[in-house]
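**Q** In terms of this note's numbering, the sequence shown opens at residue 57 and continues consecutively.
Backbone N, C-alpha and C fix where the C-beta goes; we use that ideal spot for every residue, glycine too.
Provided herewith is a single structure, encoded as structure tokens, for subsequent inquiry.
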Amino acid sequence: MILETTNEYGKIVISENAIAQIAGLTAMECYGVVGMATKNLTAGLVKLLGIHSMTRGIDIQIEEDSLFITLHVILSYGTSISAIGESIIQTVAYKVEQLTGLKVKDVKLMVEGIRI
Numbered sequence: 057m058i059l060e061t062t063n064e065y066g067k068i069v070i071s072e073n074a075i076a077q078i079a080g081l082t083a084m085e086c087y088g089v090v091g092m093a094t095k096n097l098t099a100g101l102v103k104l105l106g107i108h109s110m111t112r113g114i115d116i117q118i119e120e121d122s123l124f125i126t127l128h129v130i131l132s133y134g135t136s137i138s139a140i141g142e143s144i145i146q147t148v149a150y151k152v153e154q155l156t157g158l159k160v161k162d163v164k165l166m167v168e169g170i171r172i
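Have a look at this one:
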């Protein structure tokens with residue numbers, strides 16, 4: 057799905073992939089995040105994604121002018137999952153709103169694994 061907005065200068069078109077890249081890069085900058093993850097539904101295995109395919113670990117839903125973001129992450133061992141999770145959610149919501157001008161309604165964080 058593509059999101060279109062219009063202002064006095066013209067039309068702006070933002071793809072879901074662009075929003076997912078912003079969210080993924082922002083999450084990767086947060087302390088304690090090892091990487092984005094995807095889940096192999098048939099085997100139940102979690103796979104750590106490289107920098108070029110990190111958007112596969114992010115689900116974006118657009119409803120009118122609101123965004124719903126779901127991030128699948130792998131965190132570092134020995135860190136507080138709740139503290140890191142709260143930081144990721146707030147940072148991603150702020151950065152996406154700042155860069156796109158869209159309202160982030162909800163950010164869900166799915167911790168798919170822990171790495172040393």
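1) Whole angstroms are fine: how far does the CA of isoleucine 137 sit from the CA of glycine 80?
2) How would you call glutamate 168, buried or exposed, if buried means at least 16 neighbouring beta carbons within 10 angstroms?
3) Can you give me the Cβ contacts of isoleucine 126 inside the same chain, cut-off strictly under 6 Å, excluding the 5 residues immediately before and after it?
4) What does serine 143 pair with, by DSSP beta-bridge criteria?
5) In this structure, how does DSSP classify serine 132 when only helix, strand and coil are distinguished?
6) Going by Cα to Cα distance, which pick from Ala149, Val89, Glu64 and Ala74 is closest to glutamate 140?
7) Bridge partners of threonine 156, per DSSP?
8) Measure the C-alpha to C-alpha separation of arginine 112 and leucine 158 and round it to an integer number of angstroms.
9) Contact defined as beta carbons within less than 8 Å: I believe valine 152 pairs with leucine 123. What is the distance between those atoms, to the nearest angstrom?
10) Taking the alpha carbon of isoleucine 172 as the point to measure from, which residue in Ile130, Leu155 and Asp162 has its own alpha carbon closest?
**A** According to the data block:
1) To locate residue 80, count along the sequence shown from 1; it is residue 24. To locate residue 137, count along the sequence shown from 1; it is residue 81. One C-alpha to the other measures close to 18 Å.
2) By 1-based counting over the sequence shown, the position of residue 168 is 112. Its Cβ being crowded by 16 or more others within 10 Å, glutamate 168 is buried.
3) On the sequence shown, residue 126 is found 70 positions in, with the first residue counted as 1. According to the sequence provided, residue 126 is threonine. The question's isoleucine does not apply to it. Asp115 and Lys164, listed in sequence order.
4) Residue 143 sits at position 87 when you count from the first residue of the sequence shown. Here serine 143 is not bridged, per DSSP, to any residue.
5) Numbered from 1 along the sequence shown, position 76 holds the residue referred to as residue 132. Strand at serine 132.
6) Within the sequence shown, residue 140 is the residue found at index 84, counting from 1. The residue asked about is misnamed: residue 140 is isoleucine in this sequence, not glutamate. Per the Cα distances, Val89.
7) Taking the sequence shown and counting its residues from 1, one reaches residue 156 at position 100. Answer is none; threonine 156 lacks a bridge partner.
8) Translated into positions along the sequence shown, residue 112 becomes position 56. Translated into positions along the sequence shown, residue 158 becomes position 102. Taking the straight line from one Cα to the other gives about 21 Å.
9) On the sequence shown, position 96 is the one that residue 152 refers to. On the sequence shown, position 67 is the one that residue 123 refers to. Confirmed, about 7 Å.
10) The count along the sequence shown starts at 1 and reaches residue 172 at position 116. Just measuring C-alpha positions, the residue of Ile130, Leu155 and Asp162 sitting nearest isoleucine 172 is Ile130.
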